[in-house]
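Let me begin by presenting the structure, written as structure tokens, before commenting on it.
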Amino acid sequence: LTHNNLFSKPAVLGQTMTVVGIPELDCPKFEINFGSDEFTIALHFNPRFNADGDHNTVVCNSFQDFKWGEEVKVGSFPFRQGQEFTVIIDFTPTKFVITLSDGSTINFPNRIGAKEYSVINVRGKVSLISLQIK
């Protein structure tokens, strides 16, 4: 299931995005992406249950100039297949502050430094319950 360009207007600095969803029981991984266009991803948020050699690991990265940056792997993994999760992402000029369901936070650098992100998508076997930007 892929949800592309979920909003008609871009997310901008200072805003907060809240994503609530449920990964399917056979979901190996899913991702939430924010980018300036389809070839520039400022934040690739990728919880992996069992995929790409990772098990119960959150991976964050960015993609620009047709190549991936250095992966950042996070210790906390509050995601469970078939169970609801909430991810809150705050946009700041220097980083994305990501708060997970268990209250832990991830600080991922805003490597691209854009002031707005017009491409927002969710990919993988996940059912979206709600997605809002304030």
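Positions 17 to 150 (this note's numbering) are the ones given, in order, by the sequence shown.
No residue lacks a Cβ here, since even glycine has one placed at the ideal position from N, Cα and C.
Exercise. Identify, in the order they occur along the chain, each residue of the same chain with its Cβ nearer than 7 Å to the Cβ of residue 91, setting aside the five sequence neighbours on each side.
Key: Taken in chain order, the list of residues that qualify is empty.
Quiz prompt | Straight-line Cα distance separating residue 57 from residue 127 | solution = 10 Å
Quiz item: Which residues bound the beta strand (DSSP E) around residue 29?
Solution: Segment: none, residue 29 is in no beta strand (DSSP E) and carries neither H nor E.
Practice problem: Tell me the start and end of each unbroken beta strand (DSSP E) in the region 77–133 that is at least 3 residues and wholly inside, in chain order. | Solution: 88–90, 101–107, 111–115, 121–125
Quiz item: Apart from the five residues just before and just after residue 94, which ones in its own chain have a Cβ nearer than 8 Å to its Cβ?
Solution: 101, 116, 117, 118, 120
Quiz item: Does DSSP classify residue 47 as helix, strand or coil?
Solution: strand
Exercise. Grab me the residues of residue 150's own chain with a C-beta within less than 7 Å of its C-beta, minus the 5 sequence neighbours each way, in chain order.
Key: 31, 32
Practice problem: Please classify residue 78: is it buried, with 16 or more other beta-carbons within 10 angstroms of its beta-carbon, or exposed? | Solution: buried
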